[in-house]
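Asks: Positions 965 to 1292 (the numbering used here) are the ones given, in order, by the sequence shown.
All C-beta atoms, glycine included, are put in the ideal place defined by N, C-alpha and C.
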Amino acid sequence: MGEGRRETGDASALWSPSASLQTIKARAELYGSVRAFFSSRDVLEVDTPVMSAHATVDRHIESFDVPGGGWLQTSPEFAMKRLLCAGAGPIFQIAPVFRREESGRHHNPEFRLLEWYRPGWDHHRLMDEVRALLQALGLAPHHDYPRWTYREAFMQHAGFDPFAEPVARLRERARDGEVPALDLGDREADRDAWLDLWMSHRVGPRLGFDVPAFLLDFPASQAALSRIRPGDPPVAERFELFWQGIELANGFHELGDAGEQRRRFESDQLWRKENGRVVPPYDAHLIAALRAGLPDCAGVALGLDRLLMLQLGLPHMAQALSFDGTRA
């Protein structure tokens, strides 16, 4: 499969599925196993709208807008948190989500997320359940999954402390050929932009080869929607899960402070405006729900298409989809 969206040209060549019938059956079995796992743990399955009047303002995610309608969800997170604020208890969802990114080996503009939330839990306990789910699906069932801190992973695989290395040195190392020396434009002085580059090309691809591995204690500047744990340095109470060097899941000890969440949204909107990006409206309903009270909880989103691709040993995520973006 090509790395970008192909021209349709002769539609007769693109009518057939991008996945085999065997893979389509394996997807159905995966969904059934996921639902059985959560049913056995009394976690309620929910549905939330795919289209919203609001969108994420995350600096690294671009949303699809629907003229005259709203925005397609990049995650069901905001609506699910509103359900939590309404007293729904532990919930999960298998949701179609949409992100405006180039199609590639590990990405399609439309994909499926498994997202779930556990009131009363922190991210450490949720990591235990992520492992339990994947082991119930047959993934390294007799192993512990190692947990690397962000600092440990950088020290091991990049050779420097990400909390101490000066931005100028991060840039010099990249230009010395240690990672692709991309032109970051206006983000040349942005520490997180360089760390993301190192994570994408050097650290992440080396994680989780023997068994899946968790990465936690991210820089506080990368907290997104998670809490920040004070310390020297302060760190974000979030984690990612890697398998065979590919990110599969992203989880948070969720931020419940409405004022802080609004400040983060507004800061991201300002950044997007200053960098010439589309500036969607942030989710005002979520802020109102947080004011009403979000229970202390942890939540995680796991990419089911990537999981299926890796489980079946497929070389391209398109082969895990009934119809990838070139055939939709």
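#1: With DSSP run on the structure shown, which of helix, strand or coil describes residue 1083?
#2: Less than 8 angstroms between the C-beta atoms of residue 1095 and residue 1269, yes or no?
#3: Compute the distance between the beta-carbons of residue 1055 and residue 1044, then report whether it is under 8 angstroms.
#4: By alpha-carbon positions, which one of 1198, 983, 1049 ends up nearest to residue 1281?
#5: What span of residues does the beta strand (DSSP E) with residue 1113 cover, start to end?
#6: Grab me the residues of residue 1191's own chain with a C-beta within less than 6 angstroms of its C-beta, minus the 5 sequence neighbours each way, in chain order.
#7: Would you call residue 1019 buried or exposed, if buried means 16 or more other Cβ atoms sit within 10 Å of its Cβ?
#8: I want to know whether the region 1177 to 1195 touches the region 1109 to 1120 - three or more CB-CB distances under 8 angstroms.
#9: Given 8 angstroms as the limit, is there contact between the region 1000 to 1020 and the region 1032 to 1046, that is, 3 or more CB pairs closer than that?
#10: So, helix, strand or coil for residue 991, using DSSP?
#11: Using the Cα positions of residue 1221 and residue 1203, report the straight-line distance between them to the nearest angstrom.
#12: What does the alpha-carbon distance come out to for the pair residue 1256 and residue 1241?
#13: If you draw a straight line from the alpha carbon of residue 1214 to that of residue 1138, how long is it in whole angstroms?
#14: Nearest to residue 1235 by alpha carbon, out of 1081, 1099, 1025?
#15: With a threshold of 7 angstroms on Cβ separation, who are the neighbours of residue 980 within its own chain once the five nearest residues in sequence on each side are excluded?
#16: Can you round the beta-carbon distance between residue 1064 and residue 1042 to whole angstroms, since I take them to be within the 8 angstroms contact cut?
#17: Starting from residue 1277, follow the alpha helix (DSSP H) in both directions and report where the run begins and ends.
#18: Only counting the same chain, and skipping five residues up and downstream in sequence, which positions put a Cβ closer than 6 angstroms to that of residue 1155?
#19: Just list the alpha helix (DSSP H) runs in the region 1092 to 1176, keeping only unbroken ones of 4 residues or longer that don't cross its boundaries, in chain order.
#20: Could you compute how far the alpha carbon of residue 1107 sits from the alpha carbon of residue 1171?
#21: Write down the C-beta distance between residue 1097 and residue 1001 rounded to the nearest angstrom, noting that I regard them as a contact closer than 8 angstroms.
#22: Alpha carbon to alpha carbon, how far is residue 1070 from residue 1157?
#23: Considering only C-alpha positions, which residue in the set 1093, 1052, 1185, 995 is nearest to residue 1005?
#24: Do you know offhand how far residue 1249's Cα is from residue 1047's?
Replies: The answer reads as follows:
#1: strand
#2: no
#3: yes
#4: 983
#5: 1111 to 1113
#6: 1201, 1217, 1219
#7: buried
#8: yes
#9: yes
#10: helix
#11: 20 angstroms
#12: 31 angstroms
#13: 26 angstroms
#14: 1025
#15: none
#16: About 18 angstroms separates the two Cβ atoms, so there is no contact after all.
#17: First-last for residue 1277: undefined, no H or E at that position.
#18: 1131
#19: 1114 to 1121, 1131 to 1139, 1155 to 1162
#20: 15 angstroms
#21: 6 angstroms
#22: 21 angstroms
#23: 1093
#24: 11 angstroms
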